[in-house]
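Worksheet: the structure to be examined is printed underneath.
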Amino acid sequence: MIEARQLKKSFDTQLVLDGVDLRIESGESVAIIGRSGGGKSVLLKHLIALLQPDSGDVLINGESIVRMNERQLLRIREKFGMVFQSAALFDSMTVAENVAFPLIRKKKFTPGEIEQRVTAALEMVDLPGTQKKNPAELSGGMRKRVGLARAIVYEPQILLYDEPTTGLDPIVADSIDHLIIRVRDQLKITSVVVTHDMRTARRVGNRVLMLHEGKIYANATPEELFASQDPVVRQFIDGVADAKETIL
Amino acid sequence: MKFLAETWVGEWLTGLGRIAALAREAVMSLLTFKVAWRDLLYQIYFIGIKSQSVVLVTGAFTGMVLGAQTYFQFHKIKMDTATLAVVGVSMCSELGPVLTALMVSGRVGAAIAAEIGTMRVTEQIDALRTLATHPVDYLVVPRLLASMIALPLLTIEAITIGIGASYLVGVYLLGIDPVYSWYNMLKYTGDIDVFIGLTKAFVYGGILALVGCYKGMSCGVGAQGVGRATTEAVVYSSIAILISNFFLTLALQRVVLMLL
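One line per chain: the protein sequences are B and V, in this order. Using my numbering, read the first sequence as starting at 1 and increasing by one per residue. Using my numbering, read the second sequence as starting at 1001 and increasing by one per residue.
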């Protein structure tokens, strides 16, 4: 279970999170939506303690991670997998080495087991036979899928996705959506997906949280949210710019 | 206090504090044997083998010019055969370790800062952290250890080449007596000078790797951030090497006096 209590964070003078409260139960699949630059990725990074809040608390299975040091956090982070917006593959390694990285670091597996798990993870993300390729040779969608394979290869309990479909064409984005759903259903893990793509939010989330002006503005099922008549929610779902922004 | 913290003095002190914290974390990592040994070997190869050309050229030409200049002065007072003795002591205790460290910091310190800095701006360091890997264990410690192992070895190489080149210039170009020169050099250059030189090289290895890693880890955003981190890594490690050289010389001299 992931819980955030009154999370506040600002960068210089810009207030990004202004008291975020959320609770995500084990096995749930939650999409966090909101405008670009609205603090969604910042919120996600707080859940795995890549960023520390100015105030407030984050609890993983009831344990506060805010005041832990980097070494104490290693134990907590073993429960997590994260797919980055830029995929963040290690560019000095091949695809197989990237995916095998967390297994090699754990020092619990034989080379044969590692190879088997890497092959299985790459097959799950529809990239069999790409082991020897370098990340630079892959397209944006393929890189994200390798990033996902690397995040699921050690079977974490929680998967965090940072803008998994941003910058991809609609067909590749669609395949990534299906992949997220397949991983969620087959591995039975908690998923938190940060996105501003409404189609992704609707498909992958059992519940959708909307971040607006540094706070959780809406918390509903996708059906409820898409039927909402609230002007702020409606504006975001329909993709309508303010009059002021239209002129700009 | 706030005013002080916002000036360059405050920034400088904060930086020193952070480097100290990084060094502490690296020592903790070493004590718990969390080092990536395969990377350590690669880093020794990268720092040691790939710096050969830089170190050979630096060592040879420093020895040659030092030999020639010393000869020009000593020749006036008929002390030609003391030339190699001066070269030996200078190369072992000062020029060998300092110039090797400065040259290697230009090559390796910059490369470390650029590599780690790029990893930071492309979220690869965050990816490491999410994969339950401490960046200090994986990135800093192998580079730090490798640098502290490689630099003394490179310094020995630079000293040997420097003295050899100086001998060749002195004997075959300037006509110094080879037997007396060699005898005087062995008489005045002691084990102590080699000990001082290698101790310095070991410390400088630590300084240049630590500054490079720190600048990479604290790199700003974008290509500009990486560029700045790289430049600062070279400038700050060079300055730190030159300043610490003075204090190390005094401290090591005192240690030597106590031991003798």
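Think of the CB as a built atom: it goes at the ideal place given N, C-alpha and C, for glycine as much as any other residue.
- Counted as a single uninterrupted DSSP element, the stretch harbouring H1134/V is not any beta strand (DSSP E), since DSSP gives it neither H nor E.
- Contact check for G1096/V and I1159/V: beta-carbon distance about 4 angstroms, within the 8 angstroms limit, so the pair qualifies.
- The residue among S1051/V, S1166/V, G1227/V with its C-alpha nearest the C-alpha of R1107/V is S1051/V.
- By the criterion of a C-beta distance shorter than 6 angstroms, E25/B is surrounded in its chain by M1, once the five residues flanking it on both sides are discounted.
- Secondary structure of Q229/B (DSSP, three-state): coil.
- If you draw a straight line from the Cα of V1211/V to the Cα of A1036/V, it comes to about 20 angstroms.
- For A1127/V, the residues of chain B that pass the 7 angstroms Cβ criterion are F84, A88, in the order they occur in the chain.
- Boundaries around N98/B are those of the alpha helix (DSSP H), 95-106, since no beta strand (DSSP E) includes it.
- With its beta carbon at least 7 angstroms from every one in chain V, E137/B lies outside the interface.
- Close partners of E78/B in chain V (Cβ separation under 7 angstroms): A1132.
- Residue-level contact by beta carbon holds for Q1124/V and chain B, with a gap shorter than 7 angstroms.
- Per DSSP, the unbroken alpha helix (DSSP H) holding A1101/V starts and ends at 1096-1104.
- Taking 7 angstroms as the threshold, the shortest C-beta distance from P102/B to chain V falls below it.
- In this structure, the straight-line span from the alpha carbon of G1088/V to that of V1235/V is close to 29 angstroms.
- Our two residues, L138/B and R1129/V, have alpha carbons roughly 23 angstroms apart in a direct line.
- Only residues of its own chain outside the window of five on either side were considered, and among them G1063, L1084, V1087, G1088, M1091, M1185 have a CB closer than 8 angstroms to the CB of I1163/V, listed in chain order.
- Close partners of E213/B in chain V (Cβ separation under 7 angstroms) are lacking, with about 25 angstroms as the shortest Cβ gap.
- Residue contact check for E224/B against chain V: no CB pair falls below 7 angstroms.
- Within the stretch 50-77 of chain B, the residues whose Cβ lies closer than 7 angstroms to any Cβ of chain V are, in chain order, L50, E70, R71, L74, R77.
- Between L22/B and L1198/V, the alpha-carbon positions lie close to 57 angstroms from each other.
- The shortest C-alpha to C-alpha distance from K1215/V to any of E1123/V, A1111/V, L1168/V is the one to A1111/V.
- For V240/B, same chain residues with a beta-carbon under 7 angstroms away, outside a window of 5 residues either side, do not exist.
- The shortest CA-to-CA distance from T1118/V to any of Y1071/V, L1022/V, G1220/V, F1246/V is the one to G1220/V.
- When DSSP states are grouped into helix, strand and coil, E25/B belongs to the coil group.
- For I48/B, the chain V residues whose C-beta falls within less than 7 angstroms of its own C-beta are T1130, listed in chain order.
- Any Cβ of chain V closer than 7 angstroms to the Cβ of R105/B would place that residue at the interface, and such an atom is present.
- For H212/B, the pairing in a beta bridge is given by DSSP as K215/B.
- In the three-state reduction of the DSSP assignment, E3/B falls in the strand class.
- Excluding residues up to 5 positions away in sequence, nothing lies with its Cβ nearer than 7 angstroms to the Cβ of L1041/V in the same chain.
- About 19 angstroms separates the Cβ atoms of T1081/V and D1193/V, ruling out a contact at the 8 angstroms cut-off.
- Taking the Cα of D18/B as reference, the smallest distance to any Cα among S29/B, N69/B, V42/B, E78/B is reached at V42/B.
- Here A31/B is bridged, per DSSP, to V193/B, V208/B.
- The Cβ atoms of Y1204/V and L1151/V lie closer than 7 angstroms to each other.
- When the alpha-carbon of V1055/V is set against those of V1226/V, A1101/V, G1190/V, the nearest one is in A1101/V.
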